[in-house]
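Right, one structure below, let's go through it.
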Amino acid sequence: MVSRKWVMAGVAALVSTAAVAGYVQPAPVSVDTTARVALGDQVTARYSKNNVEFIGCGMRHISDGVGGIYTWAFCQATDAKGVQAFCSTEDPGLVAALASGGEFGFITFSWNAAEECTRIGFSNQSFYLPKKLDSN
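So the sequence shown is numbered by this note's numbering: it starts at 1 and just counts up by one.
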């Protein structure tokens, strides 16, 4: 019974050490044009060893000139092989999902044959953050 407590204490110590060190989960950009899905995290794409990989989403609000606002959103990605994906949407639910995204997150999106976004997802987790650059 005593040895079981020591084992559990050792496991807890290892887990807490890993938490202090900071878990990292790189997710390189992947584009599947057959399944029409792209995914990856922004930090891994930005600091990849190639000069083509990226992923991101954006939103535009444009005045119609008569008091209304036209809003649309888009997502785009290119993987390390140069395979590209793009979709756009005016769907209020997907625009709202895009607005909830943050910096340094994991992004996934899907599209139909007309390049309309059918799904937009974000995950903002500490393991997607860039490494600390300065100890100050």
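Built from N, CA and C at the ideal position, the CB exists for glycine as well. Nothing here was measured: the structure is a model prediction, and the numbers come from that model.
### Beta-bridge partners of arginine 60, as assigned by DSSP
Looking at the DSSP assignment, arginine 60 forms a beta bridge with Trp72.
### Message
Can you confirm whether the segment 106 to 114 touches the segment 61 to 70 when touching is taken to mean that 3 or more C-beta pairs between the two stretches lie within less than 8 angstroms?
### Response
Under the 8 angstroms Cβ criterion, the segment 61 to 70 does not count as touching the segment 106 to 114, having fewer than three qualifying pairs.
### Task
At 3 residues or longer, and completely inside the segment 92 to 126: list those beta strand (DSSP E) runs for me, N to C.
Those beta strand (DSSP E) runs which fall completely within the segment 92 to 126 and span 3+ residues are 106 to 111 and 117 to 123.
### Query
In three-state DSSP terms, what is alanine 35?
The answer is coil: DSSP assigns alanine 35 none of H, G, I, E or B.
### Query
Three or more C-beta pairs closer than 8 angstroms, one from the segment 90 to 104 and one from the segment 115 to 130: is that the case here?
When Cβ pairs closer than 8 angstroms are counted between the two stretches, the segment 90 to 104 is seen to touch the segment 115 to 130, the count reaching three or more.
### Task
Could you spell out the range, first to last residue, of the beta strand (DSSP E) harbouring alanine 45?
Note, alanine 45: premise wrong, no beta strand (DSSP E); alpha helix (DSSP H) at 42 to 46.
### Query
Could you check where the beta strand (DSSP E) with glutamine 84 kicks off and where it finishes?
For glutamine 84, the uninterrupted beta strand (DSSP E) segment begins and ends at 84 to 89.
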